[in-house]
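Here the structure comes first, spelled out in structure tokens, and everything after it is commentary.
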Amino acid sequence: MKQLLNTAGVAQVEATILALPPQEFKRETNLLRQDLPLWLQRHVQLTEPEVRQLNEMPEQFKKDLAEAIALTWENGGIVSFTKNGEKSKDEENENPKDIFFKEHKVSAWRVGSTESTIYTTLSIEIVYR
Numbered sequence: 024m025k026q027l028l029n030t031a032g033v034a035q036v037e038a039t040i041l042a043l044p045p046q047e048f049k050r051e052t053n054l055l056r057q058d059l060p061l062w063l064q065r066h067v068q069l070t071e072p073e074v075r076q077l078n079e080m081p082e083q084f085k086k087d088l089a090e091a092i093a094l095t096w097e098n099g100g101i102v103s104f105t106k107n108g109e110k111s112k113d114e115e116n117e118n119p120k121d122i123f124f125k126e127h128k129v130s131a132w133r134v135g136s137t138e139s140t141i142y143t144t145l146s147i148e149i150v151y152r
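Residue numbers (our numbering): 24 to 152.
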């Protein structure tokens with residue numbers, strides 16, 4: 024079932040993907056890396072303008088975003104997704120928005136351990152202007 028493109032919907036997609044058996048998980052991350060817009064359309068309810076915007080997104084941005092999501096999941100991290108601001112009521116003349124993604128690496132050391140651990144998280148934010 025496709026989820027809404029909001030915080031709860033993206034979290035549900037992520038939980039479903041992370042719960043997959045290893046072979047299916049690998050297949051999903053490979054598909055994500057190959058075609059981000061198609062992968063999103065398979066998992067998230069998108070409006071026509073959102074599909075158009077995904078297809079208009081610069082190729083390098085799509086590639087970098089897909090790689091960041093896949094690597095975060097493969098390293099056991101989670102993706103934080105938020106939308107801020109007001110979406111236009113007129114879908115065809117939707118107000119401008121910016122899409123940001125930021126990778127975070129957090130190092131942790133447990134007292135008594137000889138090694139530290141690095142955790143990776145990813146934040147994706149859509150901001151309507």
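Cβ coordinates follow ideal geometry from the N, Cα and C atoms, glycine included.
- Burial of V102 is indicated by the presence of at least 16 other C-beta atoms within 10 angstroms of its C-beta.
- Around the beta carbon of E37, 16 or more other beta carbons sit within 10 angstroms, so the residue counts as buried.
- Beta-bridge pairing by DSSP links L27 to Q68.
- In the structure shown, D58 adopts coil according to DSSP, grouped into three states.
- Fewer than three pairs of CB atoms, one per stretch, sit closer than 8 Å, so the stretch 66-73 makes no contact with the stretch 89-101.
- Straight through space, the alpha carbons of E126 and I92 are spaced by roughly 9 Å.
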